[in-house]
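As numbered in the working numbering, the sequence shown has no gaps in its residue numbers, which increase by one up to the final residue, 459. Virtual Cβ for every residue (Gly too), placed ideally from N, Cα, C. In this text, all values refer to a predicted model and were calculated from it rather than measured experimentally. Scroll down for the structure; my scribbles are underneath it.
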Amino acid sequence: MSAREKENTSEEALVAPADPGPPDGGLRAWLVVVGGFLTYFVTFGLLNSFGTFQAYYGEHILRDRSESEISWIGSIQLFLLFIGGLFFGPVFDTKGAKVLFVPGTIFFALSLMFVSLCREYYQFILAQSLLFGIGDAMLFYPTISAISHWFNRRRGLALGIVVAGSSLGGIAWPLILNRLFDAVGFPWALRIIGFMSLGLLAPACLLVVPRLPPTKASEVPRSELVAIFKDARFIIFVVGMLFVIWGMFIPFYYVPLYAMQHGIDAAFANDLIAILNAGSLVGRIASGALADKIGRFNVAILCSLLSGVVLLCLHVMRTKAAIVAFAVLYGLFSGGLISLQSACVAQITENLQIIGIKIGVMMAVCSAGALTGSPIGGALVSADGGKYSGLIDFAGVILLAGTALLTISRGTINRKLLQVV
39 MSAREKENTS
49 EEALVAPADP
59 GPPDGGLRAW
69 LVVVGGFLTY
79 FVTFGLLNSF
89 GTFQAYYGEH
99 ILRDRSESEI
109 SWIGSIQLFL
119 LFIGGLFFGP
129 VFDTKGAKVL
139 FVPGTIFFAL
149 SLMFVSLCRE
159 YYQFILAQSL
169 LFGIGDAMLF
179 YPTISAISHW
189 FNRRRGLALG
199 IVVAGSSLGG
209 IAWPLILNRL
219 FDAVGFPWAL
229 RIIGFMSLGL
239 LAPACLLVVP
249 RLPPTKASEV
259 PRSELVAIFK
269 DARFIIFVVG
279 MLFVIWGMFI
289 PFYYVPLYAM
299 QHGIDAAFAN
309 DLIAILNAGS
319 LVGRIASGAL
329 ADKIGRFNVA
339 ILCSLLSGVV
349 LLCLHVMRTK
359 AAIVAFAVLY
369 GLFSGGLISL
379 QSACVAQITE
389 NLQIIGIKIG
399 VMMAVCSAGA
409 LTGSPIGGAL
419 VSADGGKYSG
429 LIDFAGVILL
439 AGTALLTISR
449 GTINRKLLQV
459 V
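Written as structure tokens, this is what we have:
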């Protein structure tokens, strides 16, 4: 081989092969989806079931506390899940998934074991709010970011399937918890749930892997990081999601209590969380498939609009049948929106190696709404003498305000109404 040929060969070896892009399928890609589904079934499924804990605590362990005080336990969980993106999104980009997944699984399972020992309010804050929330966040971000590595054209469907795991978990866990509370008592119910969670999350640790190699922090140009905060379409979308999240999770906490106020027995009222999540399961899968055809922003905006409208209609939905219909419809539309938020961010992200950072920024901003929404709702109920009109108005109007901002964000991409966006 001549010196010239050796020089050319050496130069070629230094050039990294171009990324062919997400494969949009294949065994390895779909195994990531399976792992993500298991993760969301456990983590977000239990998060979506907090209404069951809210009702139980109010009737038993924490009956001396107000609804607003009890809701802080779940709101802090949600806040830590969202704010965790500032820390765990960049860790995924630079270190990969396992460095988060393994300790996250341990923290999550331990949190449930510790909750089984809790008797005082501050103990629930430490175990069910802080430890649970941190473990949840460590599992959430590598899952949602890895999906974007493996899917592009079919990303909406893949994310819809993964996020549907949270809805299926939201159906199963309330039913399991209510039966276990009656059969073995609160402490052993939480221990059983903890062992079940560990058994489901262990295989997910092996299945959820990124496609792209970790990126060194120095490899991401500072100009590209600064550009994130100068991207108008991204900033408007994030603020819109802040308003949406502010109101969206309130029904997941208060629907059982609203139903009991209107004469529905406690056993069936607690099962409304499972019914709500059943609607969410359908919405998350259907919206993902539909979004790949007519546009992710289009479907997200439609789901947000309908969520706000249905929520405001709760003012006149007071019978058992009407409240069940609300649970199904609200679950359907809110679930559809939640499954698409990360897909929308990925759609307006050219460099997928910083997708974890951008999702982390979005979630961190939304954390303010996640933290304060339900406690504000509870405070409005207390201020209104136990009536839910103020809570419904607050959550519904905030959702519609978020819808308006999401629509503006879409307009910065394409103003044509019937265009796939």
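From the options, residue whose alpha carbon lies closest to that of residue i
i    : options                : result
I397 : V72, Q115, P128        : P128
F130 : S345, L250, L349, C382 : L250
G407 : L437, D431, G428, I393 : L437
I21  : L138, H98, F91         : Past the edges of the chain, shown from 39 to 459, lies residue 21, and the structure says nothing about it.
G352 : G89, R192, L65, L429   : According to the sequence shown, residue 352 is Leu rather than Gly. Looking at the Cα atoms, L429 is the closest of the given residues.
I121 : L444, M401, A147       : M401
S204 : L177, N190, S186, E158 : L177
D269 : E388, G64, F125, L310  : E388
A365 : L350, S377, L378, Q379 : L350
Cutoff 8 Å: residue i Cβ touching any chain B Cβ
i   : result
G59 : This model lacks chain B altogether, as it is built from one protein chain only.
Length of the line joining the Cα atoms of residue i and residue j
i    : j    : result
Q299 : W188 : 47 Å
A93  : Q166 : 15 Å
G74  : S372 : 20 Å
K454 : I302 : 46 Å
V201 : A175 : 15 Å
F117 : D330 : 30 Å
M355 : L169 : 37 Å
I339 : I323 : 16 Å
Y291 : G326 : 25 Å
V153 : A240 : 21 Å
F126 : T357 : 44 Å
G237 : G64  : 26 Å
K425 : L319 : 29 Å
L215 : L314 : 16 Å
V403 : V137 : 24 Å
P212 : S186 : 30 Å
A461 : L310 : It is not possible to answer for residue 461, since the shown part of the chain is limited to 39 through 459.
Helix, strand or coil at residue i according to DSSP, with G and I counted as helix
i    : result
V71  : helix
M400 : helix
F189 : coil
I288 : helix
T445 : helix
C243 : helix
G301 : coil
N393 : This sequence places Ile at residue 393; Asn is not what is there. If DSSP states are grouped into helix, strand and coil, I393 belongs with the helices.
A435 : Note that residue 435 corresponds to Val in the displayed sequence, not to Ala. Helix, per DSSP.
C97  : Residue identity differs from the one stated: residue 97 is Glu in this sequence, not Cys. E97: helix per DSSP, three-state reduction.
V362 : helix
L455 : coil
A135 : coil
T253 : coil
Presumed contact (8 Å Cβ cut-off) between residue i and residue j, rounded CB distance
i    : j    : result
G208 : N308 : Rounded, the Cβ-Cβ distance is 13 Å, inconsistent with contact.
A184 : V247 : 7 Å
F335 : R448 : 4 Å
Does the segment 214-222 come into contact with the segment 280-300, if we say contact requires no fewer than three beta-carbon pairs (one atom in each stretch) closer than 8 Å?
no
Kindly confirm or deny that the segment 406-426 and the segment 97-107 touch, where touching means at least three C-beta pairs closer than 8 Å.
yes
Touch test, the segment 434-450 against the segment 339-351, Cβ-Cβ under 8 Å, three pairs minimum
yes
Kindly confirm or deny that the segment 271-278 and the segment 61-80 touch, where touching means at least three C-beta pairs closer than 8 Å.
no
Please determine if the segment 225-232 and the segment 386-403 are in contact, where contact requires at least 3 C-beta pairs separated by less than 8 Å.
no
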